[in-house]
Structure formats: C-alpha cells, structure tokens
Amino acid sequence: MEIFTQTIVNGIVLASIYILVALGFALIFSVMQILNFAHGSIYMVGAYVCYYLVSSFGLPTWAALLVSGGILALFGVFLERFGFRYLEKDFNRTLMFSLAVIVFLQTAADITVGAYVKRVPSIIRGLTTIGGITLSKERLVTCVVAVCLLLLVTFLIRKTVLGRQMRAVAQDRDAAALQGINVHRIAAIAFGLSSVLAAVAGGLMGSIIALNTYMGSAMLLRAVTLVIIAGMGSVGGLFVSGLIIGFIDAVLPIFIGGAGSEVVALGFAMLILLVRPRGLFGQAI
Amino acid sequence: MSEKRQKLNVKAARKYGVYAILIAFLLVLPCLPTSGPYFIHVCILIFTYVIATSSIRTIYVSGQATIGHAIFMGIGAYTSALLAMRLGWTPWITMPLGAVGAMVVAIVSGYFFSRTRGFYFSMVTLFFGVAVEALIRSWVSLTGGRAGLISVPGMGVINIPGLGRVDFIASKVPHYYLLLFLALVTLLVLYRLERSRTGMNWMAIAQSPLVASSIGISETKFRVIAFAAGCFFAGLAGSAYVHYSSVLSSSNFDFMSSINLVIFMLFGGMTHFAGPTIGVIVLVVIPEVFRSLRQYAPFIFGSVMLLVIFLMPQGLAGLFQIVKAWRSRIFKRGA
Amino acid sequence: MAVENLQEGCIEMPALLEIKGLTKFFGGLAAVSHLDMSVDEGEIVGLMGPNGAGKTTIFNLITGIFRPSSGQVIFQGREIGGKKPHFVAACGIGRTFQFAYLFPDFTVLENVVASFHLNPKCGVLEGLFNTRAYRRKEARISDEAMEILQLVGLAREKDILGRNLPHGPQKLLTMARALAIRPKLLLLDEPIGGMHFDEVNQAISAIERIRSQGTTIVLVEHNMRLMRLCERIVVMDFGEKIAEGTYEEVKSHKQVMRAYFGSEYVA
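Those protein sequence lines, which keep their order, are chains E, R and L. Residue numbers for the first sequence follow the numbering used here, beginning at 6 and rising by one. Residue numbers for the second sequence follow the numbering used here, beginning at 44 and rising by one. Residue numbers for the third sequence follow the numbering used here, beginning at 110 and rising by one.
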C-alpha cells in the first residue's frame, strides 16, 4: 500500500516536471515554429547552475532556482537574438544551430563538472503527513512549485495582452507583425520564458534525483514525446500527456525495467503519430 | 565527332581522371610510411561514416527527413554479430545479412512511416530510433543489454588466389581495403540510383507529392524504396564495422548518433552528392587533429559548425557553387 | 451513351467517363450533390459555374484526391472512385491544377521529363545499371518531352527553373506535364486563369492542337472564348448540376443566368 501511494506521488512529481519542460519546448515551437533541441541542454545547465549557486554561493534553494531561471532566461534571449533570428524559415540550419549549442553546453558541462554526480540540496527536508499519506516535503514542494509555475504561465498566455500577442504570432506571424506586434520582442520573451521553465525544472529535478550531464537529452526526448501526444498548439493537452508519461515512467519500471518503460512510452507516442498525427488534443492538420 | 561531343568527352575524361587518381591514392595510402595503425583506424572510421551519411542523404533526397538513421546501423550490426556469435556463421555471410536485416525492418517500418510527412515523419523516426535502442538495451538475454557484446568474430584469415593469405586479425590494413571497397560500391550504387529515373521520382515527391501523384508516381512506393535503400547501406556500415571493432553496444546507435549523421550531412551540404563525404572527412579529421586538446575538441567542432551555418548555408559543398560563381566573375572581367 | 447512328444500327459506345450520383460531403456541407454526367471519347466538355460551385471538387473526386461520399466514377468501364491519384493517372487521366503547381526545382524540360514516369516503364534496376536500353528510353523521352513543349509553346524556356517562370508559362507547363502521361482524358482546371491576351491565344491554340490529336478534354473555365470551344457545357451551382447543353442553349438558360447574375436581375 505504501509503495502504491509513493508510486502515485512519484508519478505526479515526474509529470509536473515533464510538463514544465514540455511547456517551454512547446512555447517556442508554437510561437516561433522552431524546434529548439537545445532546450534539454538548457534544462541541464539550469540544474547545474542551481547546484553551484547553492553549494558555492550558499543561496537558499528557492533563491537559487529564481536566479538560475533568470540567468538561463538571459541566455535564451541571447540565443534568439544572435542565433535563431537569422535562421528563421530554414529548418536545416536551425537544427544545426541548436545542435551546435548542445555541443557547446554539453562540453562545457563535462569539463567543469566532470563525471561526478551531484545533488541539489533539498528546498525543505522532512516528511509530512497529509490525509494519512506520508510524503516527503521535498516532493510536495516540487509539485506545488511546478503547478504554480504552470498555472502562472497558463494565465499569462490566456489572460494577458502579452499572451494574446504571443498567440497571434503563433497563428500567423506576418499578420501579427502587420498589426503592430513586435515579433522579435515576442520571440525573445518566448525564449526567455521557455528557458526559465527549463532551468527551474532542472533545479527541481536536481533536488529529487541526482544531476548528471546527460539528463538534458533524456528530458528533451520526454518533452518531445509529451508535445507529440498532446498535439501541437494544445497547452491543456500537455497536462494530460504529462500525467500519462509521468505515470508510465513511475509505474512501469517496477514491472518491466527502465528500458522497457521507455519502449512503452515511445511506442505509444509512435502510435499516436501514425494513427492520429494531430495528437490527442491538437488541432487538425 | 562533333565539337560538342568532343568537349563533353574531354570533360568526362577529366572527371574520371580525377576519380581514378583519387582512388589510386586511397589504394596506396596504407603502404605509405606515415600511415600508422591509428591513421588506418581513422580512415576506416571515415569510410564507415561515408557509407552511413551518403545513405541518409538518399533518404533525404526523397523528402524524408529521418533523424533516427543510426539505429539501422545498429540493427545491421546486431544482426550480423548475433548470427556470427550464436549460429557460428562466418562474418563474410553475416555481414551482407546484417544489411538485409536492416533493409527488411526499413521496408516494414518505412511503409507505416510513409503515412506521415514533414515534421511528423521526423518525429516518428526519432521515436523509432530511440525505442529500438531501448528495446535492444532491455533484451539482455539476446543482446547483452547495456553492456553489449564483446569478442564479435572478426573477418578471420582468408586465402585469395593470387594475393595469398589475407590476415584480418593481425593487421588493420585488410579492413581498410574492405571498407574502402564497400564505400566505393555504396557511393556508386547510390549515385546511379539518384541520377536515374528513380532519383528523379524521389526529387519529384520531395518537391510536391501532389503533383507527383497526378503524373502517376506512387508516393508510398518510392518513399519506401528510398528508405529501404538508405537503411540497407546503413546496416551494411554497421555490420562491416562491428566485425572490425569486435565490440558492440547499443549506446553507439542512440539519438545523438543519429543527429551526428545529420550534422555530417548538413555540414557537407545536402544538395551535392559528394556533400556528406566531404562533411565526414572534415568533421572526423578535426577532432583527430586537435586530439591533444581532447577535452576542448568539441568546442572547435562546434565553432566550425557555427561558421558553416552562418557563412555557408549550403554546407561545405556549397563551396563548389561559390567557386564557380567566383570563376565566372573573373572570366567575365577578362572578356 | 453516344449512339453513332441508330438508323445504321451501329453499336452503342459506352462513354469514356461516366459519373453517376456523385456526392461529396465536407462535414455537413455538400460540395457536390448527386451529379450525373458523362463524357464521350473525343469530346470537349466544359464545366462552368460560379466560384464554390464544386468544379474543382469534381476534378479532385475523379482523380482520387477526395473519396466520394457516395456515387460512382467510371472510366473506360472501370470504377475509379476512391482510388489513389497515381492509380488514376496510370489509368490515363491527366489533370492540371487551378494553382500552377509544378516542380519548382526542376527546369521546364525536367518537369516534363519527370512526367514520363508511366511510359515507357523504367524499372529501378534498369536505371541502376544504366543499361543501353535504359539510355535509349531516356533519350526518346527527352525528344518526346521537347515535342510536347513545342506543342504548348514553351520550347524556348526549356532550361528555366520552374520557380523562376512567370505565371502564364507556369500554367502552360502544367498542361505540358499533364500531356506527358499520354492521357486519354485531360482535365484542365482554369488553364488560362491569370494569363494575359497573348498567352491566352497561345493556350487556346495549344488546346486545339491537343484536341486534334484525339484527346478527350474536360475544361473548367470562366472565360467565354474557351467555353465556345466546347461541344457541350455542364453548369454547376452549389454542388448541383443546373444545366447542360451547347453554348447557345446554356447562355440563355434562366437558372444559369440566375446563378451568375442573381435572381433580382432574372425574371
């Protein structure tokens, strides 16, 4: 029984982190029509920056998350300004550029960090009991932070003027520009926001599970899986697909091992692609 | 002979002459005193990658942007290795069988994947590549799981009438010639396919499936042909290399390996047939040249990539165009 | 059904193309509704109607881009409704598109050469080994492609890339491409749309030449000059056939006038 509830909790925790990262990825994809494969590396770097802020600079973890998010946001804006902006409409070169960024970030991480596995100190230690279920405060806080962030972003997209501008650019870039929307500014904001989400997710994941320099590519794959299952342009769908994959990743490894659960998750995504390409909630192509 | 035919013949002779010199050079390369075993090893690596990247380009020519190509190298490698190890067959037979195995998988999966286009096709190939890799990793009894296989049988010792004993175990050089031969065959076959009507149909489908179908070209049929051909040679590359390196692990065929193949291809340039070959040579040589700075080599790698991305959108092979334009400008001035 | 001459007792020839009860729904909207139509061999039939009447949809239904919701499309006695486009092309139906779709990265000549895919049949292996037979086939294809280009009047532009062609020649190229499959039935969707006066003359003489070679043509156009070429005109409105007859008959048909001018102007 205990294992059962812990597994459920794990599923929710994983789901919320996956959704955070996937949201960032989907944001750039729908607003800019760019597949930012470097997203995974930003997630990884965000985690390590958070770690160093806590261990070397002694910041409390919550502050480290914020600062890490800020730093990576600036980096994201930088990438857009000096890289992606010049490569719009050319899928090949955008791909190559994001891969070049991965190469740089990955190598930098490998050199500075090395092979040692690190762990971001917990935001809060200890256990609590809610409704008879014992949880680690850690996981609870992670969920809460993730959910808050997700709600914040959803609110931003749905209810604010900026969000409406972003949705306009996502639908028709040229028409939005003709309406007076500064597309470049929106692009920068999208990249910045996406990077914040990734960095915070990295820091949160780093406190639950250890850090390693290859967490980026695994997470990227998860993010893409989520976006495919949910469908393009669907934010709400990401919540659902996040929960599906989160639970697959939490539950199945117990029965068929980690690699096996990967096969299942990917197989499911492939099935969606072949049978219903627009995803569970996406718009018809 | 008319003058025009004479001119064409001269051009053709020059082109073939250049190729003949190149091939002759490659043939004598291992005999040069400067070619130590490590150098030979790098050449073997280059030949293997040339096969793999030229084959992925063939798939791209038909309008299918696959990003899961490396796994077919893995399927070829594992098929060949397992047949040799478990059934005791000689690698000379299992190697082509590995390629065939990869092709069979490609035909089946390519057929289903051909229902998707563009971005969605790329995603399907990505997931397929990672899923199969995870499958290989999890099927420990068959494939040795994450640890992989070791002591995969090599090509052994054979007697070729006229050449005498050829020892694949003692030296790398026979492997060099074997892979050189396979690379040349691959390039020839893929080039001929592309220049023939089949290649034209591929380009037609890539440009406009709608128009192509209105003139009777079956999109599914030709997409599967391209996919199968490309994956056949990927499988060949994998199975040829595995009997050289005698170790095999699924981590060599993961997502990043597929992306590497795409990078090699894009870097060298996709428009030219020789593009991937150039890309492979440059991008394999650079980390080797800077081997002393082993850790920092990827930075140089990445910088070169950035250079090509921003300055040469058509990849290195785009240099041909640049040189041509430059030359014609010079000649115009002279005239 | 075309009856040669009842009095002489000739055999009744089945129509080249027969459409029975063809209906296509998009969601709740009937784009084409219970269409009955037939085209005999050697005819040139016009398909007219205001925009949105369903003319291009009919072409798409014939060539397999859409599946009929119900009804039949019978070509040379064979049911082709719902079959894949490349199959329909192989049966001998060629078409042009309203928007000048072509292969942008191929030259004009290559655009037409590519369309010779169906005949003669070239196998993958033949091309691979570059056999002498293959090379001869390709040379013949090149020659035939040039003939077609001359027929439509694009011979001079043969080396221009498809994407660099101006609009008029692009439409001529789509016609050339459709001809390359040696169709028995040619569906022309607004072949002179967007062309200026000289190009229109060129196109019309090309169509007349195609006609004289015995190809059956179905023509969608708004331009009356082209409609006068047709032996028979079918008029559509809101997916239904509202009139059929010669140019003179259709011109003064009340419902046709109502469709074009509105009921306020027609008694």
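Glycine included, C-beta positions come from ideal geometry on N, C-alpha and C.
Suppose the cutoff is 6 angstroms on Cβ atoms and the five residues either side in sequence are ignored; what does the same chain contact list for residue i look like?
i              : result
G106 (chain R) : I248 and A249
G118 (chain L) : Only weak support exists for where G118 (chain L) lies, its pLDDT of 44 falling under 50; the coordinates are left without a value.
Q116 (chain L) : With a pLDDT of 47 at Q116 (chain L), under the threshold of 50, the modelled position of this residue cannot be trusted; read the value that follows with caution. Cβ within range, chain order: n/a, list empty.
M224 (chain E) : V26, G45 and Y48
M355 (chain R) : G361
F134 (chain L) : S178
Counting only beta-carbon separations shorter than 8 angstroms, does residue i have a partner in chain R?
i              : result
E267 (chain E) : yes
G191 (chain L) : no
G236 (chain L) : yes
M275 (chain E) : yes
A199 (chain L) : yes
M224 (chain E) : no
F168 (chain L) : no
V108 (chain E) : yes
F62 (chain E)  : no
L154 (chain E) : no
F1 (chain E)   : With chain E covering only 6 through 290, there is no way to say anything about residue 1 (chain E).
I116 (chain E) : yes
P194 (chain L) : yes
L227 (chain L) : yes
N97 (chain E)  : yes
T172 (chain L) : yes
Beta-carbon of residue i versus every beta-carbon of chain E: anything under 8 angstroms?
i              : result
I396 (chain R) : Residue 396 (chain R) is absent from the model: chain R starts at 44 and stops at 378.
A95 (chain R)  : no
Y163 (chain R) : yes
S181 (chain R) : yes
Q364 (chain R) : no
A283 (chain R) : no
F342 (chain R) : yes
Who are the near neighbours of residue i in its chain, counting only those whose CB is closer than 7 angstroms to its CB and skipping five residues on each side?
i              : result
E7 (chain E)   : none
S300 (chain R) : A113
R337 (chain L) : Y356
P194 (chain L) : T172, G173 and I174
I191 (chain E) : V36, Q170, M171 and V174
L211 (chain L) : N220, G271, Q279, L282, T283 and R286
Y86 (chain E)  : Note on identity: in this sequence residue 86 (chain E) is Arg, with Tyr being the wrong assignment. Result list for R86 (chain E): A193, in chain order.
W132 (chain R) : L126
A195 (chain E) : L32, I33, V36, M37 and M171
Which residues in the same chain have their Cβ closer than 8 angstroms to the Cβ of residue i, if we skip the five residues on either side of it in sequence?
i              : result
T165 (chain L) : Q207, D298 and V329
V359 (chain L) : M157, I342, V344, A352, E353 and V365
T132 (chain L) : A139, V141, S142, H143, L144, P177, S178, S179 and G180
G265 (chain E) : L257 and P258
A242 (chain L) : E235
For residue i, would you say it is in contact with chain L, using Cβ-to-Cβ distances shorter than 8 angstroms as the test?
i              : result
A378 (chain R) : Reliability of the predicted coordinates at A378 (chain R) is poor, the pLDDT of 41 falling under 50, and the value obtained from them is presented with this limitation in mind. Not an interface residue.
V232 (chain R) : yes
A317 (chain R) : no
L130 (chain R) : no
Q107 (chain R) : no
I258 (chain R) : yes
V254 (chain R) : yes
Tell me, to the nearest whole angstrom, how far the beta carbon of residue i is from that of residue j; I am working on the premise that it is less than 8 angstroms.
i              : j              : result
A283 (chain R) : T91 (chain R)  : 7 angstroms
S224 (chain L) : R286 (chain L) : 5 angstroms
S200 (chain E) : G81 (chain E)  : 3 angstroms
P213 (chain L) : R249 (chain L) : No, P213 (chain L) and R249 (chain L) are not in contact; Cβ-Cβ is about 26 angstroms, not under 8 angstroms.
R227 (chain E) : I250 (chain E) : 7 angstroms
L288 (chain L) : I257 (chain L) : 5 angstroms
_Any alpha helix (DSSP H) of 4 or more consecutive residues that is wholly inside the segment 92-166 of chain R_ = 113-129 and 134-156
*asked:* Runs of 4 residues minimum, wholly inside the segment 163-251 of chain L: which ones carry the alpha helix (DSSP H) assignment?
replied: Uninterrupted alpha helix (DSSP H) stretches at least 4 residues long and entirely within the segment 163-251 of chain L occur at 164-171, 194-200, 217-223 and 233-238, given in chain order.
*Return the residues of the segment 134-150 of chain R that lie within a Cβ-Cβ distance of less than 7 angstroms from chain L, sorted by chain order.*
none
*Give the residues from the segment 279-290 of chain L that approach chain R closer than 8 angstroms (Cβ to any Cβ), ordered along the chain.*
R286, A287, A289 and I290
*If you measure beta-carbon to beta-carbon, which residues of the segment 233-267 of chain L are closer than 7 angstroms to chain R?*
V233, G236, L237 and N239
*Complete alpha helix (DSSP H) runs within the segment 262-318 of chain R (minimum length 4 residues, chain order)*: 262-288 and 298-311
_3-residue-minimum beta strand (DSSP E) runs that sit fully inside the segment 302-374 of chain L, ordered along the chain_ = 325-329, 341-346 and 349-354
*Which runs of the beta strand (DSSP E), 3 residues or longer, sit entirely within the segment 174-205 of chain R?*
200-203
_Contained alpha helix (DSSP H) runs [length at least 4] in the segment 270-302 of chain L, N- to C-terminal order_ = Fully enclosed alpha helix (DSSP H) runs of 4 or longer: 276-288.
*Residues from the segment 197-224 of chain L in contact with chain R, defined by Cβ distance under 8 angstroms*: A198, A199, G203, R204, F206, Y210, L211, F212, P213, D214, F215, E219, V222, A223 and S224
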